[in-house]
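Protein chains in written order, with numbering that gives the first Met the number 0: chain A, 0 to 223; chain B, 0 to 223.
Here the structure comes first, spelled out in structure tokens, and everything after it is commentary.
2 protein chains.
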Amino acid sequence: MKKLFFVTRSEENYIKTIFHLGGNSSSLIATNAIAEQMETKPSSVTDMAKKLAEKGFVNYKRYQGVSLTDFGIKTALSIIRKHRLWEVFLVEKLDFSWDEVHEVAEQLEHIKSEKLIDKIDELLGNPKYDPHGDPIPSKDGKFMERDKQLLSEMTLKSEGVCVGVKDTSAAFLKFLDKNSIALGNTIKVLEKEDFDLSLHIQMEGKELHISHQIASNLYIKKND
Amino acid sequence: MKKLFFVTRSEENYIKTIFHLGGNSSSLIATNAIAEQMETKPSSVTDMAKKLAEKGFVNYKRYQGVSLTDFGIKTALSIIRKHRLWEVFLVEKLDFSWDEVHEVAEQLEHIKSEKLIDKIDELLGNPKYDPHGDPIPSKDGKFMERDKQLLSEMTLKSEGVCVGVKDTSAAFLKFLDKNSIALGNTIKVLEKEDFDLSLHIQMEGKELHISHQIASNLYIKKND
DNA sequence: ACAAATTTTTAGATTTGTCTAAATTTTAAT
DNA sequence: ATTAAAATTTAGACAAATCTAAAAATTTGT
Chain A
0 MKKLFFVTRS EENYIKTIFH LGGNSSSLIA TNAIAEQMET KPSSVTDMAK KLAEKGFVNY
60 KRYQGVSLTD FGIKTALSII RKHRLWEVFL VEKLDFSWDE VHEVAEQLEH IKSEKLIDKI
120 DELLGNPKYD PHGDPIPSKD GKFMERDKQL LSEMTLKSEG VCVGVKDTSA AFLKFLDKNS
180 IALGNTIKVL EKEDFDLSLH IQMEGKELHI SHQIASNLYI KKND
Chain B
0 MKKLFFVTRS EENYIKTIFH LGGNSSSLIA TNAIAEQMET KPSSVTDMAK KLAEKGFVNY
60 KRYQGVSLTD FGIKTALSII RKHRLWEVFL VEKLDFSWDE VHEVAEQLEH IKSEKLIDKI
120 DELLGNPKYD PHGDPIPSKD GKFMERDKQL LSEMTLKSEG VCVGVKDTSA AFLKFLDKNS
180 IALGNTIKVL EKEDFDLSLH IQMEGKELHI SHQIASNLYI KKND
């Protein structure tokens with residue numbers, strides 16, 4: 000007898016956070032880590048952990064932490080799917096810039112209508128990645144994590160395509176816009192500076208100097 | 000010093016209901032009427048009335064009822080604007096049928112992003128009416144109520160165009176679909192039956208028999 | 001106009017999600 | 001291994017939004 004599972008917005012946010020902190024496998028996520036991520040107090044997390052366990056979303060071991068159950072993972076992926084599809088929608092259909100979408104998607108991801116998100120998916124042509132390069136889970140929870148690496152970890156002379164960002168803050172994304180660094184751009188590492196770990200790169204033909212801070216937040220898919 | 004006005008979802012629903020019950024002018028809406036409409040208890044309405052008055056959305060007179068302030072009206076129109084624009088979006092862009100949109104729009108109307116709804120408005124080409132024929136308030140709160148009347152009130156031989164429905168229940172809308180009665184259809188009243196108030200009409204060339212129940216829920220814009 | 005019926009409000013309780021402060025458990029250090 | 005530090009939980013409180021039951025005000029009927 001499957002419970003008519005009513006999930007509150009707050010529960011959804013906890014489930015999503017636990018997933019992002021790596022609670023998908025059997026690895027336990029600490030109360031503190033969740034509290035910090037969600038800017039709330041550990042005691043609140045404990046309370047919610049009990050409720051989520053009660054409802055079957057997580058395994059909860061007192062003083063140890065929580066991990067998502069299969070049902071919890073399924074739920075998390077559904078929320079993330081909605082979040083990322085809405086982000087694509089906002090950018091592709093409504094001309095939002097990639098630094099503006101997160102806040103709105105945080106709201107839209109909680110809209111409850113299977114038909115709605117499936118139609119949005121269809122309207123967008125079943126995109127596989129969101130505007131920041133993160134993979135979009137399919138309806139049945141599968142998604143393709145790209146074989147990518149940080150620009151800061153690329154070897155000298157290697158080439159690739161910019162496919163994602165690690166830091167998705169508006170500040171960082173606006174910086175990238177200002178410097179014409181966009182997903183899809185081709186990149187070649189020309190030189191690496193030992194002293195400050197900064198890079199000389201070639202991007203879309205033009206030469207650029209990139210600080211370590213930037214390079215360690217850009218994902219590249221290596222050629223071949 | 001304008002208060003940073005945080006409106007909860009519940010507050011928005013009360014404001015919207017009060018508006019729909021006619022609380023836009025200075026006419027007071029009874030606690031009971033609101034409770035009945037919202038399927039809640041009068042005591043809950045009283046509590047909320049106090050809060051809404053505190054926040055400046057309504058004028059509240061103990062034992063008398065509430066009416067919306069100018070600020071309350073502005074807020075109500077903004078919510079209704081969002082609701083109706085989302086309805087158009089669902090029908091026009093995502094192929095929802097007009098009996099499916101209400102439930103989802105009830106959720107979407109609470110999304111807080113001015114840019115989002117303005118872009119949706121733009122994407123849809125600034126529609127003036129929603130899928131049920133109800134007018135969509137503009138950004139600055141103006142809207143055009145059409146000069147329409149119920150089919151049941153039309154005189155013999157008069158002609159017009161179907162422009163709206165009074166009853167927006169899924170049951171009624173599906174009935175209309177089944178009988179090929181749609182907004183935009185031309186209508187002519189051929190005969191009125193005194194006994195049961197039913198009508199013989201001509202719709203898009205074809206003759207139809209329409210019960211009073213149906214005729215009193217269809218809005219017609221008379222020709223000329 | 002006055003009693004009865006209705007409506008509305010108040011008082012007190014409940015649920016959800018949060019908090020603080022204190023107590024407990026686990027982890028880390030010597 | 002014992003103690004100090006850190007993390008976690010518990011207990012008790014609070015605000016929001018609701019409810020029930022009782023009290024108060026208004027309206028209605030005669």
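Every residue, glycine too, gets a C-beta built ideally from N, C-alpha and C.
It should be emphasised that the depicted structure is a prediction, and the values quoted were computed from it without experimental measurement.
{"Check": "Is there at least one non-hydrogen atom of the ligand ADP closer than 7 Å to the beta-carbon of His199/B?", "Outcome": "As for the ligand ADP, it is missing from this structure, which has no ligand bound."}
{"Check": "Distance cutoff 8 Å, beta carbons only. Does Leu115/B sit that close to anything in chain A?", "Outcome": "yes"}
{"Check": "Using the DSSP secondary-structure output, state which residues sit across from Asn58/B in a beta bridge.", "Outcome": "Ser66/B"}
{"Check": "With three or more beta-carbon pairs closer than 8 Å as the criterion, would you say the stretch 65 to 75 of chain B touches the stretch 36 to 52 of chain B?", "Outcome": "yes"}
{"Check": "Have a look at the DSSP bridge pairing and note the partners of Lys191/A.", "Outcome": "Leu198/A"}
{"Check": "Applying the criterion that 16 or more other CB atoms from any shown protein chain within 10 Å of the CB defines a buried residue, is Thr74/B buried or exposed?", "Outcome": "buried"}
{"Check": "Which residue from Pro41/B, Leu93/B, Pro130/B and Val57/B puts its Cα closest to that of His224/B?", "Outcome": "With chain B covering 0 to 223 only, the question about residue 224/B has no answer from this structure."}
{"Check": "For Gln106/B, which residues in chain A fall below 7 Å Cβ to Cβ?", "Outcome": "Ile110 and Lys111"}
{"Check": "For Ile119/A versus Lys127/A, is the C-beta distance shorter than 8 Å?", "Outcome": "no"}
{"Check": "Can you tell me which of the three DSSP states Tyr41/B falls into?", "Outcome": "The question names Tyr, but residue 41/B is Pro in the sequence shown. If DSSP states are grouped into helix, strand and coil, Pro41/B belongs with the helices."}
{"Check": "Which residues does DSSP list as the beta-bridge partners of Tyr218/A?", "Outcome": "Leu149/A and Gly163/A"}
{"Check": "Count Cβ pairs between the stretch 107 to 126 of chain B and the stretch 175 to 183 of chain B that sit closer than 8 Å; are there 3 or more?", "Outcome": "no"}
{"Check": "What does the Cβ neighbour count give for Lys1/B, buried or exposed, with the cut at 16 atoms within 10 Å?", "Outcome": "At Lys1/B, the pLDDT of 47 sits below 50, so the modelled position is not reliable and the matter cannot be decided from this model."}
{"Check": "What in chain B is Cβ-close to Leu122/A, meaning under 7 Å?", "Outcome": "Lys92 and Leu93"}
{"Check": "Please compile the residues from chain A whose C-beta is within a distance smaller than 9 Å of the C-beta of Lys118/B.", "Outcome": "Leu89, Lys92, Leu93, Asp94 and Phe95"}
{"Check": "Would Val57/A count as contacting chain B if we go by Cβ distances under 8 Å?", "Outcome": "no"}
{"Check": "Starting from the C-beta of Glu105/B, find all residues in its chain whose C-beta is less than 8 Å away, skip the five residues before and the five after it, and write them out in chain order.", "Outcome": "His82"}
{"Check": "Could you compute how far the alpha carbon of Gly21/A sits from the alpha carbon of Gln212/B?", "Outcome": "58 Å"}
{"Check": "For Ser25/B, which residues from the same chain have a beta carbon less than 7 Å from its beta carbon, with the 5 sequence-adjacent residues on both sides left out?", "Outcome": "Ser66"}
{"Check": "Within 10 Å of its beta-carbon, does His109/B have 16 or more other beta-carbons around it, so buried, or fewer, so exposed?", "Outcome": "buried"}
{"Check": "Which one of Tyr13/A, Glu53/A, Phe56/A and Asn58/A has the shortest CA to CA distance from Pro41/A?", "Outcome": "Tyr13/A"}
{"Check": "Please compile the residues from chain A whose C-beta is within a distance smaller than 9 Å of the C-beta of Val103/B.", "Outcome": "Ile110, Lys111, Ser112, Lys114 and Leu115"}
{"Check": "Just the C-alpha distance for Lys220/B and Arg8/B, rounded to the nearest angstrom, thanks.", "Outcome": "35 Å"}
{"Check": "Between the Cα of Asp176/B and those of Glu158/B, Trp97/B and Ile33/B, spot the shortest distance and give me the residue it belongs to.", "Outcome": "Trp97/B"}
{"Check": "Could you give the DSSP three-state label for Thr16/B: helix, strand or coil?", "Outcome": "helix"}
{"Check": "Between the alpha carbons of Lys147/A and Phe70/B, how many angstroms are there, rounded?", "Outcome": "52 Å"}
{"Check": "Going by Cα to Cα distance, which pick from Leu84/B, Val90/B, Ser210/B and Leu76/B is closest to Asn125/B?", "Outcome": "Leu84/B"}
{"Check": "Going by CA-CA distance only, name the one from Ala52/A, Tyr59/A, Glu10/A and Ala32/A that's closest to Ile78/A.", "Outcome": "Glu10/A"}
{"Check": "Can you check whether the C-beta of Asn12/B is within less than 8 Å of a C-beta belonging to chain A?", "Outcome": "no"}
{"Check": "Going by alpha carbons, who is nearest to Val103/B out of Phe18/A, Arg80/A and Lys114/A?", "Outcome": "Lys114/A"}
{"Check": "Taking the straight line between their C-alpha atoms, what separation do you get for His208/A and Leu198/A?", "Outcome": "6 Å"}
{"Check": "Specify, as a first and last residue, the run of the beta strand (DSSP E) that Glu206/B falls within.", "Outcome": "Lys205 to Ile209"}
{"Check": "Using C-beta distances below 6 Å, list every residue in its chain close to Thr167/B, excluding the 5 sequence neighbours before and after it, in chain order.", "Outcome": "His131"}
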